[in-house]
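Asks:
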Amino acid sequence: MKKASRPQGKRGAPKSTRRRSREVALQGLYEWLISGAEAGVIEAHMREQEGFDKCDTAHFDALLHGCIAEAADIDAVLARHVDRKTTELSPIEHGVLMIGAYELKHCIDIPYKVAINEAVELAKSFGGTDGHKYVNGVLDKAAAELRSVEVQTARSSRR
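Right, here's the structure in full:
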């Protein structure tokens, strides 16, 4: 099986600690969505995973615990932009969307386009064939709601 080629300049580039924290948080959210286990149990399990030491642990903690603690609020935001109940989404897409929405809502130091792109990359790595397109569309609409000033400024500067 041929490995997808990376764009020039990215060859062999190590993943950022934040990207790794998103990947591990997604795995934790997947476990939570499937099993309903407590956040502390899931966190302990994720910390045992190979490569956890390459995470931005503060960002991982914020994502995992923040998404679980605010699941109802995050799902309420997502519900305004998805085409079905969030409970009917695949657990991967749901987890990716939760991470993206959480970052849009709380991680103001991350530009909205970066938050969306990182979620799209997660969906490409872990989700179904076209799941990344769905994630992009949903989070683009959510960004207009959660970061309206930033989105309006970016859109008006493109003209």
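In terms of this note's numbering, the sequence shown is residues 2 to 160.
The beta-carbon is built from N, C-alpha and C at its ideal position, and this holds for glycine as well.
Taking only three categories from DSSP, how would you classify I111?
Replies: coil
Asks: Exposed or buried, which one is R156 when buried takes at least 16 other CB atoms within 10 Å?
Replies: exposed
Asks: Please return the same chain residues whose Cβ sits closer than 6 Å to the Cβ of G29, not counting the five positions on each side in sequence.
Replies: I43, M47, L65
Asks: Just to confirm the assignment, what range does the alpha helix (DSSP H) spanning T88 have?
Replies: Premise fails: T88 is in no alpha helix (DSSP H) and is neither H nor E.
Asks: Quick one: grab the DSSP three-state call for T130.
Replies: coil
Asks: Using C-beta distances below 7 Å, list every residue in its chain close to V139, excluding the 5 sequence neighbours before and after it, in chain order.
Replies: L79, H82, V83, L98
Asks: What is the rounded straight-line gap between the Cα of H60 and the Cα of W33?
Replies: 18 Å
Asks: To the nearest angstrom, how far is it from the Cα of E122 to the Cα of G67?
Replies: 21 Å
Asks: Could you please give the first and the last residue of the uninterrupted alpha helix (DSSP H) stretch that includes C68?
Replies: 58-70
Asks: Distance check for E24 and C56, CA to CA, integer angstroms please.
Replies: 9 Å
Asks: Between D76 and T87, which are expected to be in contact by the criterion C-beta below 8 Å, what is the C-beta distance as a whole number of angstroms?
Replies: 5 Å
Asks: Taking 8 Å as the threshold (C-beta atoms), are Y135 and E94 in contact?
Replies: yes
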